[in-house]
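Novice:
Number of protein chains: 2
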Amino acid sequence: MAELDLRAYLALRLPEVERALDAALPERGAWPEPLARAMRHLVFPGGKRLRAALALASAEAVGAEPSRAVPMAVAIELVHTYSLIHDDLPCMDDDDLRRGRPTVHVAHGEAEAVLAGDALLALAFEVLLGTAGADAAAVRDAAHDLARAAGARGLVGGQIDDLRFDPAGADAKSIESVHARKTAALFTCAAVGGARLAGADAAALRRLRDFGERLGIAFQIADDALDADAGDACSYLRVAGERGARERAEALLEEALAALDAFGERADALRAIARAGVRRSE
Amino acid sequence: MAELDLRAYLALRLPEVERALDAALPERGAWPEPLARAMRHLVFPGGKRLRAALALASAEAVGAEPSRAVPMAVAIELVHTYSLIHDDLPCMDDDDLRRGRPTVHVAHGEAEAVLAGDALLALAFEVLLGTAGADAAAVRDAAHDLARAAGARGLVGGQIDDLRFDPAGADAKSIESVHARKTAALFTCAAVGGARLAGADAAALRRLRDFGERLGIAFQIADDALDADAGDACSYLRVAGERGARERAEALLEEALAALDAFGERADALRAIARAGVRRSE
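Chains as they are written, first to last, in our numbering: chain Y, 675 to 956; chain D, 675 to 956.
Below is the structure:
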């Protein structure tokens, strides 16, 4: 079958996510303006919205309207943004720039950055739990997955292990364990949660979990391979070099794609997002 | 009717909450140990668990077993603890001591304190959304309330206004607005959420919301009155003095108690908690 035109797909689907993000983050009225500005800083403009796209494409893979996954897409982008804001703080990675712009604590102050992150995390749950027109148990379960992915078992646990990572003890397993929590947990949550809101059955959710776990690690290893000069302690380059990293990412991508076989061509958007996420050259 | 013996009530009911908190925060195995230690630091020993008690007593007020509200009680204590950890950070109130012990960032490091707070917030949702044996829509709605109470509309918005509070412009309304968000939002969430998990109807939930909103502000004004020397910018003492603060707290307590009239004696535990919370002398 012909490969889906990913650029056209994203141009068609993502504007609904941007509008929903904008509506969830009013510039004034709902909450103190200095907080509103700090909360919006890194959300607009955002990154590639790859996680949001996964949620939408996953609803499509189970035969539903992608729009049904919009609250999941918004929630995932908010959690992703919160984690970047806190990771950039002086007491963590102490980064001044993110996507070529000042980080939130540089632009808005450190207390504001901590609080903006906190508020974005809470807002993710508010948006997701406010999903209209979905089964209550599906919404509850999608939010439960999100809580696990965001917390000590997922993002936060991965970040603390990353901060304390000892390059001398680096092996493929310890690096993939950090990647699984810092990156793959949210990828999985996006893919599974999008399908949950769309009413998917347990077998479909299992396949999407397999897909997300492998894709997330592949994505992060591909990231390591692109970032050859950065010298992060916890990079796959340390144990396998650039070529080894690309081969491992490719092998995991193949496993991720295999998990989608049963969905047929309805999963073409998921496949295209996965390939584009792992086979990057920029 | 005779007043309930609050001390005996709490001694009977709170151990179940302590056990559930302990189970939700394993010392090892589930996540990185430095994170687990930082997460537990301020949870054990905790404060008076007033918010947890509200959740249990509120289930009782609507005629249910208090145990049904345990996940709500645990979630509220976790959110309360997370907010104290982040409020104490050097970039916020910069406090070294809390309840006579080193604060989390002093004892475990600043990055660990930020991450422990983040993880406790996520864990609150994980515990609440994992509630077994309750109606899925009730669980979803209780968690939605919690997200609103914890976020920019509630705790976080109150904290940023508190940090930026201008004592020159202090009036009763601006102070009560901060108290409503920093304190009353969680009190309300505990009271309403405990009843939600217990299957309460909309009329009961409305009464408990009225109760929680007034009690929370009364509690914080009583706190201001006890803390006459502390000189917080955002204290009711600034606009009304100690006697005025005590009178305002008492008036709000009466309004809170009036909201419970329709529950009859089933709300005696709620009444006793409310009186003890506002009429403190220590």
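Note that beta-carbon positions come from the ideal geometry of N, C-alpha and C, so glycine has one too.
Between which two residues does the alpha helix (DSSP H) harbouring Ala865(D) extend?
Specialist: Looking at the DSSP string, the run of the alpha helix (DSSP H) that includes Ala865(D) is Ala859 to Leu871.
Novice: Nearest CA to the CA of Leu716(Y): which residue from Leu678(Y), Glu734(Y) and Leu794(Y)?
Specialist: Checking every option, the nearest Cα to that of Leu716(Y) belongs to Leu794(Y).
Novice: Anything in chain Y within Cβ reach of Phe861(D), meaning under 9 Å, just list it in chain order.
Specialist: Result: empty, since nearest Cβ-Cβ is about 17 Å, beyond 9 Å.
Novice: What residues of chain Y sit near Met746(D), judged by a beta carbon separation below 8 Å?
Specialist: Within chain Y, no residue comes near Met746(D); the closest Cβ sits about 14 Å away, beyond 8 Å.
Novice: Considering only DSSP beta bridges, list what Leu771(Y) is partnered with.
Specialist: Partner(s): Pro776(Y).
Novice: Mind checking which residues open and close the alpha helix (DSSP H) that includes Arg917(D)?
Specialist: Run containing Arg917(D): Leu911 to Ala932, per the alpha helix (DSSP H) assignment.
Novice: Just to confirm, does Glu739(Y) get its C-beta within under 7 Å of one of the non-hydrogen atoms of the ligand FMN?
Specialist: In terms of ligand content, the structure shown is empty, and the ligand FMN therefore cannot be addressed.
Novice: Smallest Cα separation from Leu860(D): which of Ile834(D), Arg838(D), Ile891(D) and Asp761(D)?
Specialist: Leu860(D) has its Cα closest to that of Ile891(D), out of Ile834(D), Arg838(D), Ile891(D) and Asp761(D).
Novice: For the alpha helix (DSSP H) holding Val813(Y), just list the boundary residues, first then last.
Specialist: Start and end: Ala810 to Ala824.
Novice: Below 8 Å between beta carbons is the criterion; list the residues of the stretch 693-709 of chain Y that meet it against any residue of chain D, in chain order.
Specialist: Cβ contacts with chain D: Ala704, Trp705, Pro706, Pro708 and Leu709.
Novice: Scan the stretch 756-769 of chain Y for residues whose Cβ lies nearer than 7 Å to a Cβ of chain D and list them as they occur along the chain.
Specialist: Listed by position along the chain: His760, Leu763, Cys765 and Met766.
Novice: Determine the DSSP secondary structure at Glu677(Y), reduced to helix, strand or coil.
Specialist: Note: Glu677(Y) maps to coil in three-state DSSP.
Novice: Would you please verify whether the beta carbon of His818(D) is less than 8 Å from any beta carbon of chain Y?
Specialist: It does; some Cβ of chain Y falls within 8 Å.
Novice: What residues in its chain sit with their C-beta under 7 Å from that of Leu695(Y), if we drop five residues either side in the sequence?
Specialist: Excluding positions up to five away in sequence, the list reads Val717, Val748 and Glu751.
Novice: Which residues in chain D have a C-beta closer than 7 Å to the C-beta of Asp835(Y)? List them in chain order.
Specialist: Residues of chain D passing the Cβ test: Pro706.
Novice: Measure the C-alpha to C-alpha separation of Arg687(Y) and Ala872(Y) and round it to an integer number of angstroms.
Specialist: When rounded, the distance between both Cα atoms is 16 Å.
Novice: Taking 8 Å as the threshold (C-beta atoms), are Leu802(Y) and Met713(Y) in contact?
Specialist: Their beta carbons are not under 8 Å apart, which means Met713(Y) does not touch Leu802(Y) by this criterion.
Novice: Let me check understanding here. Comparing Cα to Cα, which of Gly737(Y), Glu929(Y), Gly783(Y) and Ala864(Y) lies closest to Arg711(Y)?
Specialist: Of the listed residues, the one whose Cα sits closest to Arg711(Y) is Gly783(Y).
Novice: Could you check where the alpha helix (DSSP H) with Leu944(D) kicks off and where it finishes?
Specialist: From DSSP, the alpha helix (DSSP H) with Leu944(D) extends over Asp942 to Val952.
Novice: Val717(Y) by DSSP, collapsed to three states: which one?
Specialist: Coil.
Novice: With a threshold of 8 Å, are at least 3 pairs of Cβ atoms found where one atom belongs to the stretch 904-913 of chain Y and the other to the stretch 939-947 of chain Y?
Specialist: As far as the Cβ criterion goes, the stretch 904-913 of chain Y does not touch the stretch 939-947 of chain Y, which means the pair count is below three.
Novice: Quick one: grab the DSSP three-state call for Pro689(Y).
Specialist: Pro689(Y): helix per DSSP, three-state reduction.
Novice: Taking the CB atoms as reference points, tell me whether Val736(D) and Ala874(D) lie closer together than 8 Å.
Specialist: Closer than 8 Å, so yes.
Novice: Using a Cβ cut-off of 8 Å (strictly closer), state whether Ala854(Y) contacts chain D.
Specialist: No, Ala854(Y) does not count as interfacial toward chain D.
Novice: Can a CB atom of chain Y be found closer than 8 Å to the CB of Glu784(D)?
Specialist: Yes, its Cβ sits closer than 8 Å to a Cβ of chain Y.
Novice: So what does DSSP say about Arg838(D), is it helix, strand or coil?
Specialist: Three-state DSSP puts Arg838(D) in coil, outside helix and strand.
Novice: Ordered along the chain, which non-local residues of its own chain (more than five positions away) have a Cβ less than 6 Å from that of Ile849(Y)?
Specialist: Once the five neighbours on either side are set aside, the close Cβ partners of Ile849(Y) are Cys908 and Tyr910.
Novice: Go through its chain and collect everything with a Cβ distance to Phe839(D)'s Cβ below 6 Å, but skip five positions before and after it.
Specialist: Excluding residues within five positions, the ones whose Cβ falls inside 6 Å are Ala907 and Cys908.
Novice: Quick check on Arg723(Y): does DSSP put it in helix, strand or coil?
Specialist: Of the three classes helix, strand and coil, the one that applies to Arg723(Y) here is coil, per DSSP.
Novice: Taking the alpha carbon of Gly807(Y) as the reference point, which residue from Ala811(D), Gly807(D) and Ala806(D) has its own alpha carbon closest?
Specialist: Closest by alpha carbon: Ala811(D).
Novice: Which chain Y residues are close to Arg954(D), counting only those with a beta carbon under 9 Å from its beta carbon?
Specialist: By Cβ distance, chain Y contributes nothing, its closest Cβ being about 29 Å from Arg954(D), past 9 Å.
Novice: Are the beta-carbon atoms belonging to Ala864(Y) and Leu728(Y) less than 8 Å from one another?
Specialist: Result yes, Cβ atoms of Ala864(Y) and Leu728(Y) sit closer than 8 Å.
Novice: When the Cα atoms are used, what is the spatial distance from Glu707(Y) to Asp835(D)?
Specialist: Cα to Cα, the separation comes out at about 10 Å.
Novice: For Arg814(D), which residues in chain Y fall below 7 Å Cβ to Cβ?
Specialist: The contacting residues are Leu803, Ala810, Val813 and Arg814.
Novice: Is there a Cβ of chain Y sitting closer than 8 Å to that of Asp792(D), yes or no?
Specialist: With 8 Å as the cut-off, Asp792(D) counts as an interface residue toward chain Y.
Novice: Compare the C-beta of Arg725(Y) with all C-beta atoms of chain D and state if any pair is closer than 8 Å.
Specialist: With 8 Å as the cut-off, Arg725(Y) does not count as an interface residue toward chain D.
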